[in-house]
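Below: the structure, in structure tokens.
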Amino acid sequence: MKAAFQGTVYYDATCRFCTGSMDRLRPWLEPRGFVIAPFEDGAAEAAMLLRTADGVEWRGVDALLHCLRAYGWARPAAWLGTLPGIHGLLTQIYGMVAARRHCLAGACALRPPRDRGRLGWTFLAVGAVGLGFLLSRGQAPWLALWTLAVGLFLAFKGLALGALPATGRPRGWRLWAFGLAWPGMDAGAFAPGVPRASLREGFPWISLLRIVLALGLLRVLPRLTVDPVMQGVGGMVALLALLHFGCFDLLAWVWHWGGIPVTRIMQDPWVARSLDEFWGRRWNLAFSDVARAAFFRPVTRRWGAETGLLAAFLLSGLAHEWVISLPAGAGWGLPTGYFLIQGIGALWQRRIRWTGFPARLLTVAFVILPLPLLFHGPFLERCLAPAVRWWGSW
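Below, the structure written as structure tokens:
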């Protein structure tokens, strides 16, 4: 009987020592439900990564200890490895081996050439944010919202391109297609040489239905209620159905039909069993992909996985302050507070390790109950409600 999927172990395929080690571990790990795969850019990674089935990420020694727990006879050793003194020693040993891994197979790798393109894409990202801010000055709040959002969207595109190795970035028409015709941040899907996508699903009629219903709701919403808060709430629901669950799903199908292996922005978030899974693998991957590549991984390499997780949620909070509190001119700190609650909840869930229905119920509670902090009253009244009334006046 095949073991249930436990997670994916990522390693540096540019390192002969790492590749040989994984070849020896493969017969032990795969029967236990682990999938072994190379990093997209292994040379840039400081440690191996284990991404579990519920979206939790473990690196270095913690990843090895988590794999050991899959074997009953090895669990005492895994527990010993978590003790403060022993864990610190193992972490130091792992760090020394990982830093010299290219020398362990008999030859050291040369220092890779500086990627000037990465610096250029980073400058472009900063410029897009600055330009969006300048253009939004003097605009009505609901127009400033869209101006700031477009600037942030283009900035994330630059960060996504900069996070890829120079040889893995899309060029020519593929670059323009990624930048302007796809809302996701999976730039590697547009790179030349990537295997073509196979169209395994039929036409997404449900996505088309969501688009029609969302457009209808936006049309009649000003007639259903004059309360600006209720108009804002209804407008947010309609926009999510129209864009994230409608147009973006439909566009993903079109790109798959054309052979480009993009990843859908929304991956059935209602089935998430943890906050890690909800925010990391199912909700708005356009943001989580960038946060993981440009922020979570660098912070994790230096200060650890828990700090990296909280830093990623802090970045998400600041990004939402930019497109929610800034155009509304009020509510500062509330979106950041919402995402810090998500980060603390994710760390707590890792410790209590609930499963099944209780885990899903707890995840739903953490996501939904603090939502008034994220979509606060000034934003609903000043940004979304006027946009809803404008749409309904057509």
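According to my numbering, the sequence shown is numbered sequentially starting from 1. Glycine included, every Cβ here is placed at the ideal spot set by N, Cα and C.
*Have a look at Gly168, Arg118 and Glu30 and flag the residue whose alpha-carbon is nearest the alpha-carbon of Val194.*
Gly168
_CB contact flag (Met266, Leu384, <9 Å)_ = no
_Do Phe248 and Arg264 have their beta-carbon atoms positioned less than 9 Å apart in this structure?_
yes
*Which partner residues does Gly7 have in the DSSP bridge list?*
Phe34 and Thr52
_Trp182, DSSP secondary structure in three states_ = coil
*Comparing alpha-carbon positions, which option in Phe296, His320 and Val262 lies nearest Glu57?*
Phe296
*asked:* Can you check which of these residues, Ala46, Ser316 and Pro204, is closest to Gly95 by C-alpha distance?
replied: Ala46
*Go ahead and pull the three-state DSSP assignment for Arg59.*
If DSSP states are grouped into helix, strand and coil, Arg59 belongs with the strands.
*Enumerate in chain order the residues of its own chain whose CB-to-CB distance from Val35 is below 8 Å, with the five nearest sequence positions on each side excluded.*
Phe5, Gly7, Thr8 and Val9
*Which whole-angstrom value is the C-beta distance of Pro335 and Glu321, which I expect to be below 8 Å?*
5 Å
*Quick one: any contact between the segment 339 to 357 and the segment 300 to 320, if contact means 3 or more CB pairs under 8 Å?*
yes
*Do Glu306 and Trp253 come within 9 Å of each other at the CB atom, strictly closer than that value?*
In this structure, Glu306 does not lie closer than 9 Å to Trp253 by Cβ.
*Apart from the five residues just before and just after Trp121, which ones in its own chain have a Cβ nearer than 8 Å to its Cβ?*
In the same chain as Trp121, and ignoring 5 residues on each side of it, the C-beta atoms closer than 8 Å to its own belong to Gly158, Leu159, Leu161 and Gly162, in chain order.
_Cβ-Cβ distance between Phe278 and Val367 below 9 Å_ = yes
*For Trp176, which of Ala191, Gly304, Leu164 and Ala166 has the nearest alpha-carbon?*
Ala191
_Proximity of Ser136 and Ala128 at Cβ, strictly below 9 Å_ = Not in contact: Ser136 and Ala128 (Cβ atoms no closer than 9 Å).
*Quick one: what's got a C-beta closer than 6 Å to Trp390's C-beta in the same chain, skipping five residues either side?*
none
*With DSSP run on the structure shown, which of helix, strand or coil describes Tyr71?*
Coil.
*At least three beta-carbon pairs within less than 8 Å, the segment 273 to 292 to the segment 62 to 70*: no
*Is the beta carbon of Pro416 less than 9 Å from the beta carbon of Arg282?*
This structure cannot speak to residue 416, because the chain is shown only from 1 to 394.
*Integer-rounded CB distance, given that Pro378 should sit under 8 Å from Trp330*: The residue you asked about is not Trp; residue 330 is Ala in the sequence shown. Contact holds; Cβ gap of about 4 Å.
*Under 6 Å Cβ to Cβ from Val61, same chain only, skipping five residues before and after it: list those, please.*
Leu90, Thr91 and Tyr94
*Going by beta carbon distance, what residues of the same chain come within less than 6 Å of Arg51, once the five residues before and after it are set aside?*
Gly7, Thr8 and Glu57
*So Leu250 and Pro183 are in contact, right, with Cβ under 8 Å, and what is the actual spacing, rounded?*
Between Pro183 and Leu250 the Cβ distance is about 11 Å, and since that is not below 8 Å, they are no contact.
_Using 9 Å as the threshold, is the C-beta distance between Gly179 and Gly151 below it?_
Not a contact, by the Cβ cut-off of 9 Å.
*asked:* Here's a check: name, in chain order, each residue in its chain whose Cβ is nearer than 8 Å to the Cβ of Gln231, leaving out the five neighbours to either side.
replied: Leu221, Pro222, Thr225, Leu380, Leu384, Ala385, Val388 and Arg389
*Tell whether a beta-carbon distance below 9 Å holds between Ala328 and Arg273.*
no
*What runs of the alpha helix (DSSP H), each 4 residues or longer, lie entirely inside the segment 361 to 388?*
Listed in chain order, the complete alpha helix (DSSP H) runs (minimum 4 residues) inside the segment 361 to 388 are 371 to 374.
_Proximity of Arg59 and Thr300 at Cβ, strictly below 9 Å_ = Yes; because the gap between Cβ atoms is below 9 Å, this pair is in contact.
*Delimiting residues of the alpha helix (DSSP H) encompassing Phe156*: Pro141 to Gly162
_Check for me: the alpha helix (DSSP H) holding Val237 runs from which residue to which?_
Pro228 to Leu239
*Cβ shell of Ala75 (< 6 Å), same chain only, five flanking positions each side left out*: For the record, residue 75 in the displayed sequence is Arg; it is not Ala. The residues are Arg69.
*Just list the alpha helix (DSSP H) runs in the segment 275 to 363, keeping only unbroken ones of 4 residues or longer that don't cross its boundaries, in chain order.*
Correct list: 285 to 291, 297 to 303, 305 to 320 and 334 to 352.
*In terms of residue numbering, what span does the alpha helix (DSSP H) encompassing Trp253 cover?*
Counting along the chain, the unbroken alpha helix (DSSP H) around Trp253 starts and ends at Phe248 to Trp257.
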